[in-house]
Structure formats: structure tokens, C-alpha cells
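Asker: What follows is a single structure, and I will ask about it in a moment.
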Amino acid sequence: MKKFLMLVVLLVFPGGILPGPVWAGRFWELPSLPSPEKYGDLLIDRLSSANHVKPVYFSHWRHRTKFTCRVCHWELGFSFKAGQTEITESDNRNGQFCGACHNGKIAFGHNEGNCQQCHSGEIAPDKEKFNLLRQGLQKDSFGNRINWAAAIIAERLNPVASIYRADEKPMFYGKKLELKAEWANVPAAIFPHEVHSRLLDCSSCHPDIFSIKKKGTEHFQMNFILEGRFCGVCHLSVAFPMDDCHRCHPGIKMD
Amino acid sequence: MRCLVLAMAILTIFVNTFALCDESSEGWREEFARICARSAEPEALDEAELTRLIDESEHLREKIANSTEPDSRVYLFRLNKCRAFFVFMKEVKKKN
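From first to last, the protein sequence lines are chains A and B. Numbering of the first sequence is given in my numbering, commencing with residue 9 and proceeding in unit increments. Numbering of the second sequence is given in my numbering, commencing with residue 43 and proceeding in unit increments.
What follows is the structure in C-alpha cells.
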């Protein structure tokens, strides 16, 4: 009902009488955001509780300072959706998934004394460490309140693109896509391949997330994105959240 | 003397078997690296090359699926992603 009324208002006052784009930003029911140090953190509980151990606490921000997204979501085979990948203790001990690094050499290992470090059962980030990290990086308005892309471009962070090949460099693909919005007074969304290709492989997104072979927004509607599809796979929970309208729609002025 | 010969024969069989296993595993890893590396240069691939890469991915998929190496599951995940991307790119190229 709220959406319908807002739509009527936008139709009655077209063409900029109202600050349309800003209204558009407020029109969507965006998920509420946790505190910056908790943004992107999650509990993995596909098998833990069923095996009478506490779920695993995973902090995205701690890992993304050292590794690009492709390391975990391509090289190590973690699905983008939490809980979709079956990760067993035996896999980890065989050097798979978390065990690729958490082996006692690169990061703390799967030893008896370390269980609680991951199987804590609660999202409890180290706020002091987070604040210290944030101090040295470019700021942002939402999510972790860190502009991760800017920090990488400025080389304040140099996450590795591979844990198996030291010479692996992120690929470069600079094509920008302009996606026209369906509403007359909403400026187009701009999709920069460049910043995404620094962090991911082409096959991370195509065709599983984006199988569209032409420009257009009929499939990229905001309500689909808010359901966790398309950009919403990452930009609802880990990458900068959608509260930051002008990051994708640069023509939108935030007040 | 007979025991020594027997021991040598067993050792030879063991070493050869191990070498064969290792070789087959190494084989698919190299092939995987070669095929998936091409997904980083999508604009340089024409339809014929993409078709060849899709066929090679399918052939390799069987090899990896039959492997007992602990990391074969992850390699299969990555190979499937590469193959799907080649199929996607082939459709894109056809459309354009």
C-alpha cells in the first residue's frame, strides 16, 4: 500500500517537482543495517548444530583485507550464499575450504585448542581491531563505512588474487555499462566492470548471477535485487549496501 | 635371494603405481589450469575456440569426477563455472 501511494505521488508530481531520486531511495524497503563492524559478518551453520557444535562465525572484513573475493568464492569453492556449500571438518583437515589457510602455517590450524576461535556460535567482531583498520582506509557512508574499492585502487590494501599462485594478478576489464532506469526521473545505473574484475573472475558472475546478454533493466529491477538476486547477491550483505543510491546511480543527489 | 627379488618386485610395482596416480592427477590439474586460464580473455576468443573449450571442459569434467583426490570437488566447482562462462560467451558472440 505504501509503495502504491508513493508511486501515485511520483506520477502526480513528475519531472523533478519533487526530489524524485531521493524519494526513490526512500521508497524501497531496504534491510536494516547492523553496526559497521558487524556488516558482512555471518554465522555458518549448515552442519555445525546438527553435529552438536556451535555455528562458525565468519568475518568478511577480516578476510577481505588479505584476499580478493575470488580466492574464497572461486579458488576455494565457497558459494556466494551462506550455507550452500557443504564444509566438513574432514574437508578442512584435508586442506580444503577454510583448511586451505587455517592449517597452522598460514593461519591458526584446526587444532583442539582453536575450535572456539571459529565455532563461537555468535557474531562477535573485535571492534577495536575494526576501528584501527578503518582509521587507515577510505571512508564510506554505509555498510562497514569503509570504501573498499577506493582503498584497493589507492593501494592501501593489496589483497592477493590467489593463494596457490603468487604471480596471479587480477584481470583487467574496463567496460562500463549504462543501465537506463525504468522511472523517468531516476538517473541510469552505471556498472563498472573494472572494480569488479579486480576482485572476481568473469565466471564468478556470468552466467550464474548475470546471464543477460543485452543491456537493459527489465531484468534488473530493484525488487529483484532486494530479493538477493543480481547485484543483491553481494550488495545487500557484504559489498556496499544499497542505501548508497548514488554509488550505482551517480546522477542521484543524496541529501 | 628370492626374498630380495620379491621385495624389489613389490617395490617396483608400488613405485610405478604411485607414479601413475601422480601423473594422472597432475594431468588433469594442468589441463584445468590451461582451460580455465582462457576465461580471463573472453574478448579474444572466437566462437570456434569457445566451442573447443566447452568440449575440452566436458571431457575434463569426467576425468575430475572420477578422481579420488580430496580437492577434486573444488576443481569440479571451478571447471563447471569456467564451462558455463564459455557457453555464455558463445551465446553473446552469436547474438552480436
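The beta-carbon is built from N, C-alpha and C at its ideal position, and this holds for glycine as well. From a predicted model like this one, the values you see are computed outputs, not experimental measurements.
Within the chosen definition, does the region 228 to 238 of chain A reach the region 200 to 210 of chain A through at least 3 CB pairs nearer than 8 Å?
Answerer: no
Asker: Residue 214 of chain A CB to nearest chain B CB: under 8 Å?
Answerer: yes
Asker: Using a beta-carbon distance below 8 Å, is residue 113 of chain B in contact with chain A?
Answerer: yes
Asker: Would you call the region 129 to 145 of chain A and the region 90 to 99 of chain A in contact, with 3 or more CB pairs under 8 Å?
Answerer: With contact defined as three or more Cβ pairs closer than 8 Å, the region 129 to 145 of chain A and the region 90 to 99 of chain A are not in contact.
Asker: Listing by chain order, which chain B residues have their CB less than 7 Å from the CB of residue 166 of chain A?
Answerer: None at all; the shortest Cβ gap to chain B is about 20 Å.
Asker: Drop a sphere of 10 angstroms on the beta-carbon of residue 105 of chain A, count the other beta-carbons inside from all chains shown, and report buried for 16 or more, exposed for fewer.
Answerer: The residue is buried, with at least 16 neighbouring Cβ atoms inside 10 Å.
Asker: How would you call residue 102 of chain B, buried or exposed, if buried means at least 16 neighbouring beta carbons within 10 angstroms?
Answerer: buried
Asker: Quick one: what does DSSP say residue 50 of chain A is sitting in, helix, strand or coil?
Answerer: strand
Asker: Between which two residues does the beta strand (DSSP E) harbouring residue 66 of chain A extend?
Answerer: Counting along the chain, the beta strand (DSSP E) containing residue 66 of chain A begins and ends at 64 to 66.
Asker: For residue 179 of chain A, decide whether its Cβ has a neighbour in chain B, counting only Cβ atoms nearer than 8 Å.
Answerer: Chain B has a Cβ within less than 8 Å of the Cβ of residue 179 of chain A.
Asker: Would you identify the three-state DSSP class for residue 138 of chain A, choosing helix, strand or coil?
Answerer: Three-state result, residue 138 of chain A: helix.
Asker: Note down, in chain order, every chain B residue with its Cβ under 7 Å from the Cβ of residue 104 of chain A.
Answerer: Within chain B, the residues whose beta carbon sits less than 7 Å from that of residue 104 of chain A are 112, 113, 116, listed in sequence order.
Asker: From what residue to what residue does the beta strand (DSSP E) around residue 199 of chain A run?
Answerer: 197 to 200
Asker: How long is the line joining the alpha carbons of residue 260 of chain A and residue 251 of chain A, rounded to whole angstroms?
Answerer: Cα atoms of residue 260 of chain A and residue 251 of chain A: separation of roughly 12 Å, rounded to the nearest angstrom.
Asker: Per the DSSP calculation, residue 75 of chain A is bridged to which residue(s)?
Answerer: A:168
Asker: Between the alpha carbons of residue 227 of chain A and residue 108 of chain B, how many angstroms are there, rounded?
Answerer: Straight through space, the alpha carbons of residue 108 of chain B and residue 227 of chain A are spaced by roughly 38 Å.
Asker: Would you be able to state if there are at least three C-beta pairs under 8 Å between the region 120 to 133 of chain B and the region 85 to 104 of chain B?
Answerer: yes
Asker: What residues of chain B sit near residue 117 of chain A, judged by a beta carbon separation below 9 Å?
Answerer: Neighbours of residue 117 of chain A on chain B: none; closest Cβ ~17 Å, over 9 Å.
Asker: Could you tell me whether the Cβ of residue 86 of chain B comes closer than 8 Å to any Cβ of chain A?
Answerer: no
Asker: Just verifying my parser: in three-state terms, what is the DSSP assignment at residue 123 of chain B?
Answerer: The DSSP-derived three-state label of residue 123 of chain B is helix.
Asker: What do you get for residue 270 of chain A, buried or exposed, if any count of 16 or more other CB atoms within 10 angstroms of its CB means buried?
Answerer: Residue 270 of chain A lies beyond the range of chain A shown here (9 to 263); nothing can be said about it.
Asker: Does the region 164 to 181 of chain A touch the region 69 to 85 of chain A, meaning 3 or more C-beta pairs lie closer than 8 Å?
Answerer: yes
Asker: Taking residue 175 of chain A as the query, report the chain B residues whose CB atoms sit under 8 Å from its CB, ordered along the chain.
Answerer: Going along chain B, no residue has its Cβ under 8 Å from residue 175 of chain A, so there is no contact; the nearest lies around 12 Å.
Asker: Is there a Cβ of chain B sitting closer than 8 Å to that of residue 134 of chain A, yes or no?
Answerer: Residue 134 of chain A does not count as touching chain B.
Asker: If you draw a straight line from the C-alpha of residue 172 of chain A to the C-alpha of residue 108 of chain A, how long is it?
Answerer: Each residue's Cα considered, the two are about 9 Å apart.
Asker: If you check the beta carbons only, do residue 63 of chain A and residue 129 of chain A fall under 8 Å apart?
Answerer: yes
Asker: Taking Cβ-Cβ distances shorter than 8 Å, what residues in chain B pair up with residue 85 of chain A?
Answerer: 115, 116, 119, 120
Asker: What whole-angstrom Cβ distance do residue 89 of chain B and residue 132 of chain B have, given they're in contact under 8 Å?
Answerer: 6 Å
Asker: With a threshold of 16 other CB atoms inside 10 Å of the CB of residue 264 of chain A, please say whether the residue is buried or exposed.
Answerer: One cannot answer for residue 264 of chain A here, as it falls past the ends of chain A, which runs 9 to 263.
Asker: Quick one: grab the DSSP three-state call for residue 65 of chain B.
Answerer: With a pLDDT of 46 at residue 65 of chain B, under the threshold of 50, the modelled position of this residue cannot be trusted; read the value that follows with caution. Residue state, collapsed to three classes: helix.
Asker: If we cut at 8 Å on Cβ distances, does residue 211 of chain A have a partner in chain B?
Answerer: yes
Asker: Can you tell which of A:232, A:211, A:253, A:231 has the C-alpha that lies nearest to the C-alpha of residue 88 of chain A?
Answerer: Nearest to residue 88 of chain A by C-alpha distance, out of A:232, A:211, A:253, A:231, is A:211.
Asker: Tell me the start and end of each unbroken alpha helix (DSSP H) in the region 71 to 118 of chain B that is at least 4 residues and wholly inside, in chain order.
Answerer: 89 to 107
Asker: Which residues bound the beta strand (DSSP E) around residue 185 of chain A?
Answerer: 184 to 187
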